[in-house]
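Enquirer: The letter at position 25 of the sequence shown is residue 24 when you use numbering that gives the first Met the number 0, and the numbering goes up by one with no holes. My questions will all concern the structure given below.
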Amino acid sequence: MANWIIRCAEDYLKLVAEYLRKELLARDIIHCDETPVQVLKEDGKKPQTKSYMWFYRTGIDDKNPVVLYDYQPSRNGDHAVTFLKDFKGYVHSDGYSSYIKLTGIIRCGCWAHLRRKFIEAISQKKSTESLTNAEIGRNYCDQLFMIERDLKDLSPEERRIKRLELEKTVLEAYWCWLEIWMY
């Protein structure tokens, strides 16, 4: 049965995937991520070897969202470069260094991934009553997430206006704290 699915994908769905990729690349914002997958029988690889599913999605505000998965045998950044060839716009990603290879784009970081890094840096054995830098960083992220939850049902334009009103002060405080903390 797996062969039937593979044949259908190769024979009939390839044109659909190509059309969707063209639609994706015509948008202003693309969210990207990659995650490991294990393929049990893959030519030239041991069953324990990681392969990767690359994920590409239009922005959440898009009326006709496009979501595409691109299976690749490695995490090499050239896969994203090839897939996103000719894209000009915003690439929202986790900060994985391979996305630096993309040219002609504006890179946007992911606050959820940043928050996870702050959490990883928080010591399990807290020895002081004052907040650590990692906890302060996490708290800035949490403030932004609370605001975003309240804005989720607004139109894109209303959300933009509210973000400028509500998030700008949090972000200014975050960048100021970060600058002081770094130096």
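Glycine included, every Cβ here is placed at the ideal spot set by N, Cα and C.
Is it buried or exposed, R79, if we count other Cβ atoms within 10 angstroms and call 16 or more buried?
Expert: Taking the first residue of the sequence shown as position 1, residue 79 is located at position 80. The residue asked about is misnamed: residue 79 is Ala in this sequence, not Arg. The residue in question, A79, is buried, as its Cβ has 16 or more Cβ neighbours within 10 Å.
Enquirer: By alpha-carbon positions, which one of C140, W176 and E178 ends up nearest to E166?
Expert: Here the question's residue 166 lines up with position 167 in the sequence shown. Ranking the options by Cα distance to E166, first place goes to C140.
Enquirer: Alpha carbons only, please: which of Q71, D32, L67 and L24 is nearest the one belonging to A111?
Expert: Position 112 of the sequence shown holds residue 111. Among Q71, D32, L67 and L24, the Cα nearest to that of A111 is on D32.
Enquirer: To test your reading of the DSSP string, which unbroken alpha helix (DSSP H) runs of 4 or more residues are found completely within the segment 10-48?
Expert: Listed in chain order, the complete alpha helix (DSSP H) runs (minimum 4 residues) inside the segment 10-48 are 13-24.
Enquirer: Please return the same chain residues whose Cβ sits closer than 8 Å to the Cβ of E41, not counting the five positions on each side in sequence.
Expert: Sequence index remark: in the sequence shown, residue 41 carries index 42 (1-based). Counting only Cβ-Cβ distances below 8 Å, and skipping sequence neighbours, we find T48, S50 and P72.
Enquirer: Run through DSSP, which three-state label would T57 get?
Expert: On the sequence shown, position 58 is the one that residue 57 refers to. Looking at T57 - three-state DSSP - the assignment turns out to be strand.
Enquirer: How should T57 be labelled, buried or exposed, when 16 other C-beta atoms within 10 angstroms of its C-beta is the threshold for buried?
Expert: As a first step, residue 57 is located in the sequence shown; it is residue number 58 there, counting from the start. Under this definition T57 is a buried residue.
Enquirer: Got a sec, what are the start and stop residues for the beta strand (DSSP E) R106 sits in?
Expert: As a first step, residue 106 must be located in the sequence shown, where it is residue number 107. Segment I105 to G108, the beta strand (DSSP E) holding R106.
Enquirer: For I179, which option in E22, I135 and R158 has the closest C-alpha, if you only look at C-alpha atoms?
Expert: Working through the sequence shown from its first residue, we reach residue 179 at position 180. Residue I135 is the option with its Cα nearest to I179.
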